[in-house]
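See below for the structure under consideration.
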Amino acid sequence: MKNRNVGFLVVGISVLIFLMVGMFNYALKDIVDETCSHGPTCTMYDTISIQSGISLLIAGLVLLIGVFLVFAKPDEKIIVKKIKEKKKVLNLSGLSPSEKEAVKLVKESGGIFQADLMEKL
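Positions in the sequence shown are counted from 1; adding 76 to them yields my numbering.
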């Protein structure tokens, strides 16, 4: 996938995390309001605020990562050129006519078994 698409996906996930954290905190505050007998000085309110802060911080980091991926530069395509090997010129001046014929047959076929070469010669 492209970085931009992944970035949008991560941003969408972070929005879902924000919504879930908000709904969870709202429900938790309602429960604490009903069950805590100490009133506003109840320690559960401090715990809720700490947990809310940590969860919103994590969701914010996920959102920043998503935004970074959306606006990051796209990957550059790397072009690799294959260099063809230069054919070597064989010096056949010191070979006999039968050896030159054998080299010619090997070149033409690209490779040949010795038995086949002996049959053709």
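By construction, the Cβ of each residue, glycine as well, lies at the ideal position given by its N, Cα and C atoms. Just so you know, these numbers come straight off a predicted model, no measurement behind them.
Within the same chain, VAL97 come within 6 Å of SER131 by CB-CB distance, once the 5 residues on both sides are set aside. Unbroken beta strand (DSSP E) runs of no fewer than 3 residues, entirely contained in the segment 96-140, are not found. Membership of SER185 in the alpha helix (DSSP H) is indicated by the continuous run 173-185. Your pair GLY83 and LEU145 checks out as a contact, with CB atoms roughly 3 Å apart and the cut at 8 Å. Distance from SER90 to VAL138 at the Cβ level is roughly 4 Å; contact confirmed, criterion being Cβ atoms closer than 8 Å. If you look at LEU193, you'll find it in the alpha helix (DSSP H) that goes 190-196. In this structure, MET99 keeps its C-beta atom at 7 Å or more from the C-beta atom of VAL108. With distances taken between CA atoms, ILE126 lies nearest to ASN101 out of ILE141, PRO150 and ASN101.
Here SER169 carries a coil assignment [DSSP, helix/strand/coil].
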